[in-house]
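Residue numbers (the numbering used here), protein chains in the order written: chain R, 170 to 365; chain U, 170 to 365. Cβ atoms here follow ideal geometry from the backbone N, Cα and C, with glycine treated the same way.
Protein chains: 2
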Amino acid sequence: MYPKSLKELINELMKLPSIGPKTAQRIAFYFIQTSLEECQKFSERLINLKIKLKKCKICFNFSENEICGICQNIRRDSKVICVVGDQRELVAIEKSREYNGIYHVLGGAISPLEGIGPENLHIKELLVRLNSEIKEVILATSPNVEGEATAIYLAKLIKPLGIKISRLAQGLPMGVDLEYADEVTLAKSLDGRREL
Amino acid sequence: MYPKSLKELINELMKLPSIGPKTAQRIAFYFIQTSLEECQKFSERLINLKIKLKKCKICFNFSENEICGICQNIRRDSKVICVVGDQRELVAIEKSREYNGIYHVLGGAISPLEGIGPENLHIKELLVRLNSEIKEVILATSPNVEGEATAIYLAKLIKPLGIKISRLAQGLPMGVDLEYADEVTLAKSLDGRREL
Chain R
170 MYPKSLKELI NELMKLPSIG PKTAQRIAFY FIQTSLEECQ KFSERLINLK IKLKKCKICF
230 NFSENEICGI CQNIRRDSKV ICVVGDQREL VAIEKSREYN GIYHVLGGAI SPLEGIGPEN
290 LHIKELLVRL NSEIKEVILA TSPNVEGEAT AIYLAKLIKP LGIKISRLAQ GLPMGVDLEY
350 ADEVTLAKSL DGRREL
Chain U
170 MYPKSLKELI NELMKLPSIG PKTAQRIAFY FIQTSLEECQ KFSERLINLK IKLKKCKICF
230 NFSENEICGI CQNIRRDSKV ICVVGDQREL VAIEKSREYN GIYHVLGGAI SPLEGIGPEN
290 LHIKELLVRL NSEIKEVILA TSPNVEGEAT AIYLAKLIKP LGIKISRLAQ GLPMGVDLEY
350 ADEVTLAKSL DGRREL
């Protein structure tokens, strides 16, 4: 029903995450109405990303240089390493503006179902970084099954080195109604209650 | 927080319809994990679309040729013209498999708020097509304010030519619960009731 070139673009768009057939069609129609220059700019940016983006040699954060901006920043506390699953988690923590240490990006989380084991993550490289200078390792993987499994695995590996290990606090998120909180979150928030 | 090339792509993605910041980020990360070849294929398809896609000289449907497949198809009834706002509406009607005539794509609908008047639509070209051969014009613009206004405008123009004019039936959609139907739809479905 669609001309070949339009159908092909819609098919490409449908491969993208969170894009279904209707949205793919809407985006393709947007591109039709956009100027050729805008579309070329889009293409260039995409290819540019693939060519320029590398992983930092120290922490595996995305970077256009060998070493990322965070690892290069001498104002940051290089004695505290925050371990995250991927770069999105790193960005989420950066946005909180609460953290001034450095990072280590694992590149995923242990997930036997998806065939991701510890050997597929940057765990060896983390252990190499844990010299006597390091004061604390914060395990900031997501509090889901895979993230928890990864944190437990890492804690077991790091404990013998005598470095302080911590995990992000779990409890009630801001602005929530107590009655709508799930049981596990509520149990965690009771367990981790603080004296005032 | 993001390297420049990544931020630039996310900004481009956020220009697309139905893509917010979170989805843009998710798609950018998808591209990072995809091979360079796949990204190049995506770019090529996008540019290919811009270069190849034209509008049919007769009905203004999208086509890679001067005349679209529907206008070229001799099995279709060229005496009935279905007038639609854009190509998505044409595709929706084609998918119903109920229609065997030809089309005329207006390229939008009359909308004073958006500054779209009759002179911005392919209305002149429609009138040129309405020779003595044409038996019926179906006004299939969407049943919203703009689509209705366009249909009424066209009906007034075409009526003096003595050609039969029809409008898509309005009423209850399939599978709906009567109690949840809105008043206007219900009123339309009563008004247009059929004898069995």
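Local Cβ density within 10 Å of residue i, reported as buried at 16 or more and exposed below that
i	result
SER335 of chain R	exposed
LEU295 of chain R	buried
GLY254 of chain R	buried
GLU187 of chain R	Note that residue 187 of chain R is Ser in the sequence shown here, rather than Glu. Looking at its Cβ environment, which holds fewer than 16 other Cβ atoms inside 10 Å, SER187 of chain R is exposed.
LEU205 of chain U	exposed
ILE236 of chain R	exposed
LYS173 of chain R	exposed
VAL314 of chain R	exposed
GLU348 of chain U	exposed
GLY189 of chain R	exposed
ILE292 of chain R	buried
GLN256 of chain U	buried
GLU267 of chain U	exposed
ALA278 of chain R	buried
ILE282 of chain R	According to the sequence as given, residue 282 of chain R is Leu; it is not Ile. By the neighbour-count rule (16 or more Cβ atoms within 10 Å), LEU282 of chain R is not buried but exposed.
GLU177 of chain U	buried
GLY316 of chain U	buried
LEU323 of chain R	buried
LEU359 of chain R	exposed
Assumed close pair residue i, residue j - CB separation to whole angstroms, cut-off 8 Å
i	j	result
ALA193 of chain R	LEU175 of chain R	ALA193 of chain R to LEU175 of chain R, Cβ: 11 Å. No contact.
LEU308 of chain U	ALA318 of chain U	Between ALA318 of chain U and LEU308 of chain U the Cβ distance is about 11 Å, and since that is not below 8 Å, they are no contact.
ALA365 of chain U	LEU330 of chain U	First, the residue type needs correcting, since residue 365 of chain U is Leu and not Ala in the sequence shown. Not quite, the Cβ-Cβ distance comes to about 34 Å (not below 8 Å), so this is no contact.
GLU181 of chain U	ARG214 of chain R	5 Å
ASN122 of chain U	VAL297 of chain U	Residue 122 of chain U lies beyond the range of chain U shown here (170 to 365); nothing can be said about it.
ARG245 of chain R	ILE271 of chain R	6 Å
THR354 of chain R	GLY340 of chain R	7 Å
PHE200 of chain R	LEU218 of chain U	6 Å
GLU263 of chain R	MET183 of chain U	About 19 Å; that fails the 8 Å criterion.
GLU288 of chain U	LYS248 of chain U	In fact, because the Cβ distance is near 28 Å, the residues do not count as touching under 8 Å.
LYS304 of chain U	LYS333 of chain U	6 Å
LYS221 of chain U	GLU207 of chain U	Not confirmed; about 21 Å, so no contact.
CYS240 of chain U	CYS228 of chain U	6 Å
ILE216 of chain R	GLN209 of chain U	7 Å
VAL306 of chain R	ILE327 of chain R	6 Å
Residue i in three-state terms, based on DSSP
i	result
CYS240 of chain R	helix
TYR171 of chain R	coil
ILE179 of chain R	helix
LEU205 of chain R	helix
ILE188 of chain U	coil
ARG195 of chain R	helix
Where the beta strand (DSSP E) through residue i begins and ends
i	result
ASP246 of chain R	246-253
Neighbour flag for residue i against chain C, beta carbons, 7 Å
i	result
TYR199 of chain U	In the structure shown, chain C cannot be found, because the protein chains are R and U.
Start-to-end residues for the alpha helix (DSSP H) that takes in residue i
i	result
SER358 of chain U	352-360
TYR349 of chain R	No alpha helix (DSSP H) holds TYR349 of chain R; DSSP gives it neither H nor E.
Output the residue ranges of the alpha helix (DSSP H) runs that lie fully inside the segment 211-237 of chain U and measure 4 residues or longer, sorted by chain position.
-> none
Which ranges would you report for the beta strand (DSSP E) in the segment 257-345 of chain R if only whole runs of at least 3 residues count? Listed in chain order, the beta strand (DSSP E) runs fully inside the segment 257-345 of chain R are 270-274, 305-308, 333-336, counting runs of at least 3 residues.
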